[in-house]
Amino acid sequence: MKILMIATNNIRKAKVATATLIILIAIATIFLYVGISVLSNLDTFIDGKNAETNGAHFISITDGSHDAAIDQIYESIDSYVSSEREEGLMSMSSKYQNVDTGEEAYSLSTLFLNRETPRDISRVTIIDEAAQIPENGVIVPYVLKIANGYKTGDTLKFMVDDNTTELEIAGFYEDLMFASPSNVSMYKLYVGDRQFDELMNQPVYGSKCSYSAVITDDIDNTEAFESQFTKDLKTVWPERTGSYATLSYGTMKIGVAVFINIIMAVLVAFSIIILAIAAIVIKFSTTTHIENNIKNIGALEAMGYTSGQILGSILVEYLMITAVGFAMGLGASVLISPVITNVVSSSIGLRWTTGIYPRTVLISLAVIMISVLGISYFSAFKIKKITPLAALRNGIETHHFGKNRAPLERTKLSLNMAMGYKSLVFNKRQNLIAGLIIMMLSLVTVFSFAAYYNFAVDKSAMIKLIGLETAEVQVTATENEETIFDEIAAMPGVEDTVKLDSFDGVIKYDKKESGASTRITEDYSRLKVDTCVKGRMPVNDNEIALTSIVLNKLGAQMGDTVSIDYNGTTREFLVVGVTQQFNMLGRGAAITTAGMKKLMPVYQEKNLMIYLVDGENTKSFVTRINNQYANQNIQTASYFESIEMMLDSFEASIKIVVTGCLGIIAVIIVFVMFLVIRVRILRERTRLGVSKALGFTSNQLIGQILISQMPVIIGASALGAVAGYFATNPLMALMLAANGILNCEFYVDPGLVLLTILGISMLGLATVLIVANSIRKISPCRMFEEGVD
Amino acid sequence: MENTILKAEMLSKTYSNGSIMQHVLKNLNIDIKAGDFTVIMGSSGSGKSTLLYALSGMDKPTLGKIDFKGEEISKYSNDRLAVFRRKHCGFVFQQIYLNETMSVLDNIIISGLLVSRDKKAIAARAKELLHQVGMTEVCYQKYPSQLSGGEAQRVAIVRALINAPEIVFADEPTGALNSTNAINVLDVMTEVNASGQSIIMVTHDIKTARRANRILYLKDGVIIDELKLGSYVKDDPKRHKILREFLERMGW
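Heads up: the sequence lines are chains A and B, in that order. Note that the working numbering has the first sequence beginning at 3, numbered continuously upward. Note that the working numbering has the second sequence beginning at 3, numbered continuously upward.
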């Protein structure tokens, strides 16, 4: 009880430090709780969502030419339970435009299914269903609502070349497999009977396809099902020219969660940074508290309190502060849950609901309590070493015997500059603490700016990270490939072309195997995006480069020989390099065209990446190609545009997270500077009073404080921002390491680095100026009558 | 001696704390002549320090006016009062209040630099004054915590004198010192006064008060009496007796 009294008294006496700590703990709680709750519940949430509609475990979309064989393969796999097959329309080169917002059209493949077909797997539950579904009504993925802002009743213009069909959005559906175009660059749309027939009867919109959905008895091993299916399919359908897509639940689930997991990992990391700042504030205020109250501590010890009890009172004080801060943070987490719901939902394309998770609450509380109380204990531990007599005699060394910096007799500095400098040196501990905090925040600011810039403004670095080429157009031809590709390369407006294919390969090494999206091209040095991070890309027909994810899974390394099994032919390849890619969950490989011909002697490249000259219009170029090869079996896509579109769904989430982080950084800077200056004014009240009595004006004293803070704030923000400039890419690579990213080349705009320095400096100095202004209100005699706080 | 340097008319100071009003000074009229060594005495809570702070421009009166050499300083803004203090006043406090983070010499020069930019001249004057109060060169670069109480107070006196102020305000300057150090400090103050500078000092101590040529006795915010003692003469028993009788009359 007495300890509680001392603790509450301590809190009353240090209101600013208490308020700062409460806010820091509250912010750390928000980030930690939100981060952990999403990270730990996402998996269960997605499984639950899938179970609600009896979502498919595996999906295959083909041209229908091998349906019977495929069904046989399904049935031959042990985990198979049931499947459904229906007819659909596959449009590989479709474009969309939201007529109501008038936004630019974007490219994305489309799978049309008939809404009225009865189905038990992946049932369609409509969200925001129109009161009456019109004939051209379409049910679209939920991501269009949450990430792209579509509403029921909006008109969606579906375009293929010069042909257009206007569809009216009649509702939204959730399906993990087609949740986000960032995962599978395809929309699955449900239209009514009449509309479906109309589309099916117009070949210009696409090809008829066979869509099959499978349920297995082991939802956790759908990748194995996919792997077996792929392997078996190759035996019955080697060229697989009409196989549009195979999707497994496991792969899609991981893919859907990758981005939000990164965001949540950033939030947890940010909460740890804030806890580190809180630790610095605790260390600072505990030391200040002990110094200022050393005589009171001595008196309490003289009265019979043990140093353990006094230490206990400090721990109780921080326990109370932490409890209040945690409760506030938890409350705020509930208040901001609509924002979090929005961020998570727009990333995963499913309706996320943020709730209170008792286990997460306990984990967050434990992390915060242990951190705060641990730091408090170590900060206040020196009390145990203070004897009552030493305490009463001002036991802790407060005398100053340091070197006299800038002696006024000799210094060339003006009086105010010299006083500011002396104050800077004298308060070096507090300044170091403030500097460290500002440095960390400055680094995080540059990192946030860079993340925003590369995710939302200029996506080329992100596209490079994903491991895709930056070609504007992609043409797929299934006949006369060589002639068509040569002609396209010679077309005006074409800067360069590269033949680049890929297939789902199975790489084997020492009884282990791993699936990998294997790229094939003749000369990797001609690609615009270099994904090699170690060694080199393959040059000879017996060479391969693998991502670190594949290497780790195989237990192989550069210099080892791995094998690829393709249609019963096995060939060995020497690992000559390590590549990185974000797509396909980081599982990638690269071999040369000559290498592929060892596996399949009749192999012929089918994909051409086309790089246009600057200023060439992608849309008109695509139209030109389609017109020129109207009678040939080719598919054209605005490649770069569709990748950008894929990334657009992240933009809203990144914007919210970055804005939130920047806002919180600003709040922390204001509070920390407020705390530092307020405490300094309270501690130096007497000196300031005497200075005023001697004839210093308020402006001079405020100026001195400002001068003493300038090097700290400007220096620390500059150091932090420069560190951010250099550390952004390594940090980003570290965060994406789980996806096999070893090297990141995000563009860090020097202008934003400068803006960070300017912004943080201005904010910090403005706070100093405002807080220091309180000197003005107090008359000099009262300042030292009141004594030191 | 007869020129009025500082004059207060109908000076009142009231502090309010919620609905409670505390009238610390009540309609005081005071004339301080150039060269006067004025001591303000009175029991605790009588308003001595408040009067000292009001006269020095450190605090603003609630009512009344204060003139310095015919100019009303009670109307000055805070910044103008600061400039007034740096140019015309010196301060010596009971708690000394040297800046613990600065050397002895810097503690003095800092005040000098408020008035002049000639660092060399200020430093030379500071050293001269330190020498006058018996501080040797060894002390120049010491920090206040390395000095004895008497030494520190002598440094504070030099700080108060660095700009050759017309008035030195002293609030119980010997209050925290032992008797030997107190006598040393009073000797310095007496010498300062002998050189023509006015001193206004608050004290509880009869030995300290003996140095003054004028004693004002304050009770409940009002000057109830005044004693003129004439110039200080060391070891004058008659002076001590007159002062004691005066204080006894005041109920001391």
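Glycine included, each C-beta is placed from N, C-alpha and C at the ideal position.
Residues of its chain near residue i, where Cβ-Cβ distance is below 8 Å and the 5 sequence neighbours each way are ignored
| i | result |
| --- | --- |
| aspartate 61 of chain B | Lys15, Thr52 and Tyr55 |
| histidine 401 of chain A | Low confidence applies here, because histidine 401 of chain A scores a pLDDT of 47, under 50, leaving its location unreliable and the question unanswered by this model. |
| leucine 375 of chain A | Leu317, Tyr320, Leu321 and Thr324 |
| cysteine 211 of chain A | Ile63, Thr64, Asp65, Gly66, Glu89, Gly90, Leu91, Met92, Leu113 and Tyr246 |
Chain-order list of residues whose beta-carbon lies under 6 Å from that of residue i (same chain, five-residue window excluded)
| i | result |
| --- | --- |
| aspartate 49 of chain A | none |
| threonine 32 of chain A | It is worth fixing the name first, because residue 32 of chain A is isoleucine in this sequence and not threonine. Excluding positions up to five away in sequence, the list reads Gly331, Ala334 and Ser335. |
| glycine 597 of chain A | Asp543 |
| valine 773 of chain A | Phe676, Ile679 and Arg680 |
| glutamine 518 of chain A | A quick correction: the sequence has alanine, not glutamine, at residue 518 of chain A. Cβ within range, chain order: Gly507, Ile509, Val552, Arg589, Gly590 and Ala591. |
| tyrosine 511 of chain A | Leu556, Ala558 and Val564 |
| methionine 202 of chain A | Leu91 |
| isoleucine 377 of chain A | Ala281 and Ile284 |
Residue i (DSSP reduced to helix, strand or coil)
| i | result |
| --- | --- |
| cysteine 746 of chain A | coil |
| tyrosine 90 of chain B | Before going further, note that residue 90 of chain B is histidine rather than tyrosine in the sequence given. In this structure, histidine 90 of chain B counts as helix in the three-state DSSP scheme. |
| methionine 179 of chain A | helix |
| asparagine 482 of chain A | coil |
| glutamate 399 of chain A | Residue confidence for glutamate 399 of chain A is low, a pLDDT of 46 falling below 50, so the modelled location carries little weight; the figure read from the coordinates is stated next. Glutamate 399 of chain A: coil per DSSP, three-state reduction. |
| alanine 492 of chain A | coil |
| leucine 249 of chain A | strand |
| asparagine 100 of chain A | strand |
| alanine 639 of chain A | strand |
| lysine 17 of chain B | Sequence inspection shows tyrosine at residue 17 of chain B; the lysine mentioned does not correspond to that position. Residue state, collapsed to three classes: strand. |
| proline 120 of chain A | coil |
| aspartate 69 of chain A | helix |
| asparagine 165 of chain A | strand |
| serine 233 of chain B | coil |
| valine 790 of chain A | Because valine 790 of chain A sits at a pLDDT of 31, beneath the cut-off of 50, its placement in the model cannot be relied upon, and the following sentence gives the value as read from the coordinates. If DSSP states are grouped into helix, strand and coil, valine 790 of chain A belongs with coil. |
| arginine 127 of chain B | helix |
| leucine 760 of chain A | helix |
| glutamate 646 of chain A | helix |
| leucine 134 of chain A | The residue you asked about is not leucine; residue 134 of chain A is glutamine in the sequence shown. The answer is coil: DSSP assigns glutamine 134 of chain A none of H, G, I, E or B. |
Residues near residue i in its chain [Cβ-Cβ closer than 7 Å; skip 5 each side]
| i | result |
| --- | --- |
| lysine 608 of chain A | Thr478, Ala479, Thr480, Glu483 and Asp503 |
| glutamate 471 of chain A | Leu502, Leu529, Lys530, Val531 and Met611 |
| proline 136 of chain A | Glu170 and Ala172 |
| leucine 6 of chain A | Val318 |
| threonine 343 of chain A | Trp354, Thr355 and Thr356 |
| serine 182 of chain A | Val145, Val258, Ile350, Gly351 and Ser651 |
| alanine 16 of chain A | Ser287 and His291 |
| glycine 44 of chain B | Lys50, Tyr219, Leu220 and Lys221 |
Beta-carbon separation (whole angstroms), residue i vs residue j, contact threshold 8 Å
| i | j | result |
| --- | --- | --- |
| leucine 277 of chain A | tyrosine 379 of chain A | Incorrect: roughly 15 Å between the Cβ atoms, too far for contact. |
| leucine 417 of chain A | leucine 30 of chain B | That pair is no contact at about 36 Å. |
| leucine 218 of chain B | phenylalanine 248 of chain B | About 11 Å separates the two Cβ atoms, so there is no contact after all. |
| isoleucine 111 of chain B | glutamate 411 of chain A | 6 Å |
| glutamate 646 of chain A | lysine 466 of chain A | At roughly 13 Å, the Cβ-Cβ gap does not stay under 8 Å, so glutamate 646 of chain A and lysine 466 of chain A are not in contact. |
| threonine 254 of chain A | methionine 161 of chain A | According to the sequence provided, residue 254 of chain A is methionine. The question's threonine does not apply to it. Their Cβ separation, rounded to whole angstroms, is 27 Å, which puts methionine 254 of chain A and methionine 161 of chain A out of contact at 8 Å. |
| valine 204 of chain B | isoleucine 42 of chain B | 5 Å |
| phenylalanine 449 of chain A | glutamate 653 of chain A | With 8 Å as the limit, phenylalanine 449 of chain A and glutamate 653 of chain A do not qualify as a contact, their Cβ atoms being about 18 Å apart. |
| serine 62 of chain A | threonine 248 of chain A | 5 Å |
| valine 615 of chain A | glycine 495 of chain A | 6 Å |
Contact test: residue i Cβ vs the ligand HEM heavy atom, cutoff 7 Å
| i | result |
| --- | --- |
| alanine 158 of chain B | Annotation note on the ligand HEM: not contained in the displayed structure, which lists no ligands. |
For the region 751-775 of chain A, enumerate the residues whose C-beta is nearer than 7 Å to any C-beta of chain B, in chain order.
none
Report the start-end ranges of each alpha helix (DSSP H) in the region 668-717 of chain A that is 4 residues or longer and not cut off at the edges.
687-696
Contained beta strand (DSSP E) runs [length at least 3] in the region 505-566 of chain A, N- to C-terminal order
Counting whole runs of 3 or more residues, the region 505-566 of chain A contains the beta strand (DSSP E) stretches 514-523, 534-537 and 545-549.
Sequence ranges, alpha helix (DSSP H) only - wholly within the region 366-452 of chain A, length at least 4:
390-394 and 417-428
Which of the residues in the region 671-698 of chain A, read from start to end, lie with their CB under 7 Å from any CB of chain B?
Thr688, Arg689, Val692, Lys694, Ala695, Leu696, Gly697 and Phe698
Output the residue ranges of the alpha helix (DSSP H) runs that lie fully inside the region 186-239 of chain A and measure 4 residues or longer, sorted by chain position.
Complete alpha helix (DSSP H) runs here, min 4: 195-202 and 224-238.
At a CB distance below 7 Å, what residues from the region 72-101 of chain B approach chain A? Give them in sequence order.
Asn80, Asp81, Ala84, Val85, Arg87, Arg88, Phe93, Tyr99 and Asn101
Short-range partners of chain B found in the region 712-727 of chain A, where Cβ spacing is below 9 Å:
none
Just to confirm the assignment: which complete beta strand (DSSP E) runs, minimum length 3, are found wholly within the region 180-211 of chain B?
200-204
Identify each residue in the region 426-440 of chain A for which the Cβ-Cβ distance to at least one residue of chain B is less than 7 Å, and report them in chain order.
Taking 7 Å as the cut-off between beta carbons, the residues of the region 426-440 of chain A near chain B are Phe428, in sequence order.
Unbroken stretches of the beta strand (DSSP E), 3 residues or longer, contained in the region 258-289 of chain A
none
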